[in-house]
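Participant: Start counting the sequence shown at 1; every next residue gets the next number (our numbering).
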Amino acid sequence: MAQPITIGANSIAKIGARFFLIVEVEAKTTGVEIDPVFGVRTTAQQATALLRAGVKRTRFAKVDPKPTSTTKVELKGVLFANGRIFKVFDVENATMDISVLVRINLAQAQRLIRNGTRIIKVYRKPF
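#1: Rounded to whole angstroms, how far is the Cβ of residue 72 from the Cβ of residue 93, which I believe are closer than 8 Å?
#2: Give the straight-line distance between the Cα atoms of residue 100 and residue 91, rounded to the nearest whole angstrom.
#3: Does DSSP put residue 95 in a helix, in a strand, or in coil?
#4: Please work out which residues of its chain come closer than 6 Å, Cβ to Cβ, to residue 80, disregarding the five sequence neighbours upstream and downstream, and give them in chain order.
#5: Label residue 124 either buried or exposed according to how many other C-beta atoms from any shown protein chain fall within 10 Å of its C-beta, with 16 as the threshold for buried.
#6: Give a yes or no on whether the C-beta atoms belonging to residue 86 and residue 63 are separated by under 8 Å.
#7: Of the choices 35, 43, 29, whose alpha-carbon is the least far from that of residue 16?
#8: List, from N- to C-terminal side, the beta strand (DSSP E) runs of 3 residues or more that fit wholly inside the region 42 to 117.
#9: Quick check: the Cα distance between residue 139 and residue 112, rounded to an integer number of angstroms?
#10: What residue ranges within the region 7 to 37 form continuous beta strand (DSSP E) runs of no fewer than 3 residues, ordered along the chain?
#11: Any idea if residue 24 is buried or exposed, counting beta-carbon neighbours within 10 angstroms, 16 or more meaning buried?
#12: By how many angstroms is the C-alpha of residue 108 removed from the C-alpha of residue 6?
Spelled out as structure tokens, the structure:
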């Protein structure tokens, strides 16, 4: 039987001079599917150690990723980080599960949030 709670897409994003661990937590069992994304601010040293350990870098794109017959794309929320705003997408197929960030402006963010898009919580880890 599969574990009901797993880590999905996870990566390190450098936004300006700060580093963020972007993590999707997946809780799935009969009748339940919860998969929020969180951000955790890290130090440069922590980010470097995580990258060396195999955590991938977050992908940044200029346009929204598009689904294909083999790739699922889901808008997970709006991320406010280091004075910048991004749409965060989960892009998943048989071989990858990654976060893609697309920079947007405040008006676009407000419109998405008014229409029900989640705000991605950023946790500020004490240094």
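Glycine is no exception: its CB is placed at the ideal position from the N, C-alpha and C atoms.
Predicted model only: the values in this text are computed from it and were never measured.
Facilitator: This is what the structure gives:
#1: 7 Å
#2: 7 Å
#3: coil
#4: none
#5: exposed
#6: no
#7: 43
#8: 59 to 61, 72 to 81, 84 to 92, 97 to 104
#9: The first residue shown for the chain is 1 and the last is 127, placing residue 139 beyond what the model contains.
#10: 18 to 29, 32 to 34
#11: buried
#12: 31 Å
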